[in-house]
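2 protein chains.
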Amino acid sequence: MNAVVPTVGLADIEAAAERIRGHAVETPLIESPALNDRTGLRVLLKCETLQRVGAFKFRGAYNRLVQLNDDERTRGVVAFSSGNHAQGVALAAKLLGIPAVIVMPDDAPSVKVEATKGYGADVRFYNRLSGKTREEIAAEIAQERGAVVVPAFDDPHIVAGQGTVGLEMLRQAHALGATLDVAVAPISGGGLLSGLATTVKAHSPQTAIVGVEPAQFSDTLQSLQKGERVTIKPTGRSYCDALESPFPGEITFPIMRRLVADVALVTDAEVADAMRYAFSTLKLVVEPGGAAGLAALLAGKVSTFGGTTVAIVLSGGNVDPEFFGRVIRGEA
Amino acid sequence: MNAVVPTVGLADIEAAAERIRGHAVETPLIESPALNDRTGLRVLLKCETLQRVGAFKFRGAYNRLVQLNDDERTRGVVAFSSGNHAQGVALAAKLLGIPAVIVMPDDAPSVKVEATKGYGADVRFYNRLSGKTREEIAAEIAQERGAVVVPAFDDPHIVAGQGTVGLEMLRQAHALGATLDVAVAPISGGGLLSGLATTVKAHSPQTAIVGVEPAQFSDTLQSLQKGERVTIKPTGRSYCDALESPFPGEITFPIMRRLVADVALVTDAEVADAMRYAFSTLKLVVEPGGAAGLAALLAGKVSTFGGTTVAIVLSGGNVDPEFFGRVIRGEA
Chain H
1 MNAVVPTVGL ADIEAAAERI RGHAVETPLI ESPALNDRTG LRVLLKCETL
51 QRVGAFKFRG AYNRLVQLND DERTRGVVAF SSGNHAQGVA LAAKLLGIPA
101 VIVMPDDAPS VKVEATKGYG ADVRFYNRLS GKTREEIAAE IAQERGAVVV
151 PAFDDPHIVA GQGTVGLEML RQAHALGATL DVAVAPISGG GLLSGLATTV
201 KAHSPQTAIV GVEPAQFSDT LQSLQKGERV TIKPTGRSYC DALESPFPGE
251 ITFPIMRRLV ADVALVTDAE VADAMRYAFS TLKLVVEPGG AAGLAALLAG
301 KVSTFGGTTV AIVLSGGNVD PEFFGRVIRG EA
Chain W
333 MNAVVPTVGL ADIEAAAERI RGHAVETPLI ESPALNDRTG LRVLLKCETL
383 QRVGAFKFRG AYNRLVQLND DERTRGVVAF SSGNHAQGVA LAAKLLGIPA
433 VIVMPDDAPS VKVEATKGYG ADVRFYNRLS GKTREEIAAE IAQERGAVVV
483 PAFDDPHIVA GQGTVGLEML RQAHALGATL DVAVAPISGG GLLSGLATTV
533 KAHSPQTAIV GVEPAQFSDT LQSLQKGERV TIKPTGRSYC DALESPFPGE
583 ITFPIMRRLV ADVALVTDAE VADAMRYAFS TLKLVVEPGG AAGLAALLAG
633 KVSTFGGTTV AIVLSGGNVD PEFFGRVIRG EA
């Protein structure tokens, strides 16, 4: 099959921004003098932790669902996700009056499962290691009901929605008198990073785009190095439950290949350090995957390409209290 | 003694705003659709947790210290505080190159003690229950060195500095298209609330000002009811270590008497609930005293006087990880 892979442009992202206006939160871009002192840089933090559902995922989900026609809305949607996309789709569906079935791994953080159920979604579980894959389960449900599958990242409307983070980031940085030398975001399937990169590069071509992956899930780095999409065989779990995609998306990969300057890998220990720093100094609750960019920065792994102003997306804050307690006490 | 008690006006607060500009953080005023849904109100949260030192106290401290003359700067400053004022004075002193001695209770949260030391201050401890009072110790040190005592709230420059929170809050609310029906802040000695009230009432006389105290430290409520400053005998500790003043200030009380519409009292359980809500839904780290306003709102204790738009100061986020972990796990 050689179907043309759709891409996403600035106009798509601007249209998405119009669609989500008044529904998504315009999250603050904050600056911490303490973090600036520590890094010797000017660091701006885009707090998607403060987005609806506690993660950027609401943007793409709402942008996708609001474009369904009446017939599709009646039949409903189905999505699979370890948590944040699940919540984004569940809340967007609730707001738009669309039935939603969400397929989640049975070891998803309970805080994410409960929130997804709380938005009224019908949650179905699967086991990561046995039985049908989540793709198979979702496809079955979709077929049964004629429901629309809402992918977590490999969908131009999803990418366009996530790209709205970049529009706000640029406008807010400008208001602070800052010109971005580097923009950093975590990578799972690449929806956020490819959307962000599209926006930022269109408005500010000199800004370097840097992605961050867990060391155990370096599929995007490997794919970029090889020049084609690589699927990795994970050797273990990562603290970053939100970043465990084993491959970059078909749509997102070509965008990242064209626009991303560097990918940093972070360890669980570095992620925990960043979560503790966010708790103790920034006073922000950040989940492991959401802290990946900050982790790379604090570990000295973000190349600044000679620049001094770095914007980082703190992409989510949905973390189980038990695990968070262990992290802040230094036990994880 | 019938010395005239100084008061604080809008011009003092505007001058303070000029002095702290570029030194203090202009903290965001955020809105959470989930919190709006839960309360049926429009709630705006002024995140002083994101201020330097993690609390609004930096504003007043910097405004006081920057006005010292060269001779006073050389002799240094001394302050007593359970934590946030300590950190505010310590950091302002460090930035201005002024030596600082801070007198702290020996049971102050270690996170506050360590931060105060981290800013280079000389920390001296006292015991809450025995020996000299902190006032006596501070007075001795001041006399010894010719140092200036920097009070935590009963000083017009401190009150003016804290009042800058209100200037930002009003401007930011306006930018969001919101008109404040109620503005809420916690009360310890009343520095924040009297400064906030002065600013808000000058620009927006129809906004009701509401203070919140821990139920065990209802000195301001009792004072307002009696029409004169009452000193209470605390019967126990509160989770709100930052709000344990046993009396309102000589300067702050007349301002609060004139401008405050209501005072709500919150229990430790309500404060813990608010901290958990801030963690799980807002993704913000808020210390017990900093969460008092939110606690009152969530407990249905904030009178809205028929209005629908409420701004609340989240005044600080300095909390020991051990205690925070217990709170979010529901064990405190």
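Chains H and W, in that order, give the protein sequences. Each residue of the first sequence is one higher than the one before, counting from 1 in this note's numbering. Each residue of the second sequence is one higher than the one before, counting from 333 in this note's numbering. Quick reminder that beta carbons are idealized off the backbone N, C-alpha and C, glycines included.
The three-state reading of DSSP puts THR640 (chain W) in coil, since its state is none of H, G, I, E or B. Contact of LEU65 (chain H) with chain W is not assigned, every C-beta pair being separated by 7 Å or more. For PRO431 (chain W), the three-state secondary structure derived from DSSP is coil. Using beta-carbon distances, LYS615 (chain W) counts as an interface residue toward chain H, with a partner under 7 Å. At least one CB atom of chain W sits nearer than 7 Å to the CB of ILE328 (chain H). The three-state secondary structure of LEU44 (chain H), taken from DSSP, is strand. When the beta-carbon positions are compared, VAL337 (chain W) and GLU582 (chain W) come within less than 7 Å of each other.
Per DSSP, the continuous beta strand (DSSP E) segment holding GLY211 (chain H) begins and ends at 208-214. Counting along the chain, the unbroken beta strand (DSSP E) around ARG456 (chain W) starts and ends at 454-458. Restricting attention to H:THR164, H:GLY83, H:ILE328 and H:THR39, the CA atom closest to the CA of ASP273 (chain H) is found in H:ILE328. Cβ-Cβ distances below 8 Å link VAL481 (chain W) to VAL409, VAL410, ALA411, ALA470, ALA471 and ALA474 in the same chain, with the five nearest sequence neighbours on each side left out; the list follows chain order. Taking all protein chains shown into account, THR164 (chain H) has 16 or more neighbouring C-beta atoms within 10 Å of its C-beta and is therefore buried.
Residue contact with chain W for ARG52 (chain H): present (Cβ-Cβ distance below 7 Å to some residue of chain W). For ILE362 (chain W), the beta-bridge partners assigned by DSSP are W:LEU377. The Cβ of THR640 (chain W) sits no closer than 7 Å to any Cβ of chain H. Residue-level contact check: PHE253 (chain H) does not touch chain W, since none of the beta carbons of chain W fall below 7 Å from its beta carbon. Taken through DSSP and simplified to helix, strand or coil, ALA332 (chain H) comes out as coil.
Residues VAL327, ILE328 and GLY330 of the same chain have their beta carbon placed closer than 8 Å to that of ARG276 (chain H), with the five preceding and five following residues left out of the count. Counting of Cβ neighbours within 10 angstroms places HIS157 (chain H) among the buried residues, the total reaching 16 or more.
Sixteen is the threshold: since fewer than 16 other Cβ atoms of the shown chains lie within 10 Å of the Cβ of LEU461 (chain W), the residue is exposed. Per the Cβ contact rule, the stretch 520-538 of chain W is not in contact with the stretch 611-619 of chain W (fewer than 3 Cβ pairs under 8 Å). When C-alpha distances from VAL491 (chain W) are compared across W:VAL645, W:THR339, W:HIS355 and W:GLY657, the shortest belongs to W:THR339. Taking the CA atoms as reference points, ALA121 (chain H) sits about 40 Å from ALA540 (chain W). Taken through DSSP and simplified to helix, strand or coil, ASP594 (chain W) comes out as strand. By the C-beta density criterion, ASN401 (chain W) is exposed, having fewer than 16 other C-beta atoms within 10 angstroms. Interface residue (Cβ-Cβ distance to chain W less than 7 Å): PRO321 (chain H) is classified as such.
In this structure, the beta-carbon distance from GLN172 (chain H) to PHE56 (chain H) does not fall below 7 Å. Among the bridge pairs identified by DSSP, GLY648 (chain W) is matched with W:ALA387. The C-alpha of TYR458 (chain W) is placed about 42 Å away from the C-alpha of ASP513 (chain W). In terms of CA proximity to ASP268 (chain H), H:GLN216 leads the group H:ARG124, H:GLN216, H:ASP106 and H:ALA11.
Nearest neighbour of ARG569 (chain W) by Cα position, chosen from W:ALA393, W:ALA440 and W:LYS449, turns out to be W:ALA440.
Taken through DSSP and simplified to helix, strand or coil, VAL357 (chain W) comes out as coil.
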